[in-house]
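**Student:** In the numbering used here, the protein residues as written are 2 to 423.
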Ligand code: DSN
């Protein structure tokens, strides 16, 4: 058997090009301040499960009902992970096989709807997700989509307007969830609206699953028919997804995932999700979730102090959406300059953005990754100051180089989980 060091040498010897690229990416992840709100650093334990021999298997079906022999350990593993998911999120049924968030949402629609049925979700440029009914996505091509938006002045969801739209459109399903909404969802009210119009209620908690576990975001479990989530954002697991639901939907959900949409589950990912769920069921993780929000608030407060316009005026979750319109720089230009300065963000539309999605007015930032490194409010204020400098002079390579060096020094004091020291 190979020890860990030999295993790494095997990759180096077999494929030096891939080995080198992974090494470069490791350095990049260690030396930069990663503020993409949908990314994180997994633990060494999650990495090990992801890279295990479980990748060698095929296990179509579910525990006890497989189409392949050799499932003794896989059945135990998947059942364990299902049980952990049910316990952590307080739900009756968990399907841990979806390959990622979009397939999880597609499976949910396939389980509950007929083609052409009406989906009502939050518009993508207002913070929603492609799969919540955005025009270019399957969710609008195979189903009929209506979209709710945020208020033009407050940038908040106006629940009275959502209710009015639901009563007018009578959707078959209402979807709540977002990729760029810096505020909390009122799942209780959305569940109530869904019941009033006899619609299913899907809560897509991909971005906020870890915050819900930590008790710093309202819990959709008492209100939603189905909850979908990716496992790699605030939940800090591998790239995967889960569908959590009431028992009455369990059979339909399972059938939709397999055999309707997917083949064999990725057992190495299932194992790594299980490790992440175990880690998330600790006091340490709950403290981590609380700190994510404290850090986002500190970052937002310092940016406001420095004259940045923030969508909705701040945040109460893990992300901040900056509108750069009055800074005279596009989101794309700012994001690229920040990346050269060692601060990784993504350009993003802001609500009612007059610019196009490929060159929008905003950038989106978030604190899950920096919080995983142990950074706190003081570090957030330093990061905001660097962002201010870079955005003010995006073409000044002296500024970007100096900030990149300073950011690298800060990162050296906060080693990234799962990345070996060089
Ligand atoms: N791509 C994810 C994000 O960055 O928010 C959503 O799927």
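Glycine included, each C-beta is placed from N, C-alpha and C at the ideal position. Only a predicted model underlies this, so the values are computations on that prediction, with no experimental measurement involved.
Between the Cα of residue 325 and the Cα atoms of 319, 318, 407 and 334, which residue gives the shortest distance?
**Tutor:** Nearest of 319, 318, 407 and 334 to residue 325, Cα basis: 334.
**Student:** For the segment 277-327, list the beta strand (DSSP E) runs that are entirely contained and at least 3 residues long, ordered along the chain.
**Tutor:** With a minimum length of 3 residues, the continuous beta strand (DSSP E) runs that stay inside the segment 277-327 are 320-324.
**Student:** Measure from the alpha carbon of residue 336 to the alpha carbon of each residue in 329, 125 and 345, then state which is nearest.
**Tutor:** It is 345 whose Cα lies nearest to the Cα of residue 336.
**Student:** Compute the Euclidean distance between the alpha carbons of residue 415 and residue 375, then round it to the nearest angstrom.
**Tutor:** Those two C-alpha atoms are separated by around 6 Å.
**Student:** Just the Cα atoms here: how many angstroms apart are residue 185 and residue 214?
**Tutor:** Their Cα atoms are separated by approximately 14 Å.
**Student:** If contacts are defined as beta-carbon pairs under 8 Å, then residue 400 and residue 237 qualify, I think. What distance do you get, rounded to the angstrom?
**Tutor:** The pair is not a contact, with the Cβ atoms about 33 Å apart (cut-off 8 Å).
**Student:** Do the segment 393-411 and the segment 17-30 meet, that is, are 3 or more Cβ pairs less than 8 Å apart?
**Tutor:** Flag = no, the segment 393-411 and the segment 17-30 do not touch.
**Student:** Which of the three DSSP states, helix, strand or coil, is assigned to residue 151?
**Tutor:** Strand.
**Student:** Whole angstroms are fine: how far does the CA of residue 68 sit from the CA of residue 158?
**Tutor:** One C-alpha to the other measures close to 46 Å.
**Student:** How many angstroms separate the CA atom of residue 41 from the CA atom of residue 271?
**Tutor:** Going by the C-alpha atoms only, they are around 18 Å apart.
**Student:** Closest to residue 265 by CA distance: which of 15, 39 and 98 is it?
**Tutor:** For the residues 15, 39 and 98, the minimum Cα distance to residue 265 belongs to 98.
**Student:** Give every residue whose Cβ lies closer than 6 Å to any heavy atom of ligand 1, listed in chain order.
**Tutor:** Residues flagged by the Cβ proximity filter: 39, 102, 130 and 180.
**Student:** Taking its Cβ as the centre, do 16 or more other Cβ atoms sit within 10 Å of residue 361, making it buried, or is it exposed?
**Tutor:** With 16 or more Cβ atoms within 10 Å of its Cβ, residue 361 is classed as buried.
**Student:** Do three or more CB pairs link the segment 212-230 to the segment 161-169 at distances below 8 Å?
**Tutor:** Taking 8 Å as the limit for Cβ pairs, the verdict is that the segment 161-169 does not touch the segment 212-230.
**Student:** Would you say residue 96 and residue 258 are within 7 Å of each other, going by their C-beta atoms?
**Tutor:** Closer than 7 Å, so yes.
**Student:** Leaving out the 5 sequence neighbours to the left and right, which residues in its chain are closer than 6 Å to residue 72 when beta-carbon positions are compared?
**Tutor:** Cβ within range, chain order: 60.
**Student:** Quick one: any contact between the segment 267-284 and the segment 337-357, if contact means 3 or more CB pairs under 8 Å?
**Tutor:** Cβ pair count under 8 Å is below three, so no.
**Student:** Roughly how many angstroms lie between the CA atoms of residue 146 and residue 116, to the nearest whole one?
**Tutor:** Cα to Cα, the separation comes out at about 11 Å.
**Student:** Is it right to say residue 368 is buried, meaning 16 or more other beta carbons lie within 10 angstroms of its own, or is it exposed?
**Tutor:** Looking at its Cβ environment, which holds 16 or more other Cβ atoms inside 10 Å, residue 368 is buried.
**Student:** Considering only residues of the same chain and omitting the five flanking positions on each side of residue 162, which have a CB-CB separation below 6 Å?
**Tutor:** Contacts found: none.
**Student:** Under 7 Å between the Cβ atoms of residue 199 and residue 178?
**Tutor:** Going by C-beta atoms, residue 199 is not nearer than 7 Å to residue 178.
**Student:** Compute the beta-carbon to beta-carbon distance between residue 92 and residue 246, rounded to the nearest angstrom, for a pair I have assumed lies under 8 Å.
**Tutor:** Rounded, the Cβ-Cβ distance is 7 Å, consistent with contact.
**Student:** DSSP state of residue 244, grouped into three classes?
**Tutor:** Looking at residue 244 - three-state DSSP - the assignment turns out to be strand.
**Student:** Would residue 328 and residue 392 qualify as a contact pair, given that the criterion is a beta-carbon distance under 7 Å?
**Tutor:** A contact, by the Cβ cut-off of 7 Å.
**Student:** On the DSSP bridge list, what partners appear for residue 202?
**Tutor:** Paired residue(s): 175.
**Student:** How is the beta strand (DSSP E) around residue 119 delimited, first residue to last?
**Tutor:** 119-123 is the span of the beta strand (DSSP E), which, as asked, contains residue 119.
**Student:** Just to confirm my understanding: we take residue 125, look at its own chain, exclude 5 residues before and 5 after, and list those with CB closer than 7 Å. What are they?
**Tutor:** These residues qualify, in order along the chain: 131 and 135.
**Student:** Considering only the beta carbon of each residue, do residue 89 and residue 282 sit closer than 7 Å?
**Tutor:** Taking 7 Å as the Cβ cut-off, residue 89 and residue 282 qualify as a contacting pair.
**Student:** Alpha carbons only, please: which of 175, 396 and 275 is nearest the one belonging to residue 46?
**Tutor:** Considering only alpha carbons, the answer is 275.
**Student:** Determine the direct distance from the alpha carbon of residue 26 to that of residue 19, and round the result to whole angstroms.
**Tutor:** Taking the straight line joining both Cα atoms gives about 11 Å.
**Student:** Rounded to whole angstroms, what is the Cα-Cα separation between residue 304 and residue 388?
**Tutor:** The straight-line gap from Cα to Cα measures roughly 9 Å.
**Student:** Could you tell me how far apart the beta carbons of residue 364 and residue 323 are, in whole angstroms, since I believe they sit closer than 8 Å?
**Tutor:** Yes, residue 364 and residue 323 are in contact; Cβ-Cβ is about 5 Å, under 8 Å.
**Student:** Just to confirm, is the Cβ distance from residue 21 to residue 262 under 7 Å?
**Tutor:** Taking 7 Å as the Cβ cut-off, residue 21 and residue 262 do not qualify as a contacting pair.
**Student:** Tell me the DSSP secondary structure of residue 383 in three-state form.
**Tutor:** Helix, per DSSP.
**Student:** Considering only residues of the same chain and omitting the five flanking positions on each side of residue 291, which have a CB-CB separation below 6 Å?
**Tutor:** Result list for residue 291: 215 and 217, in chain order.
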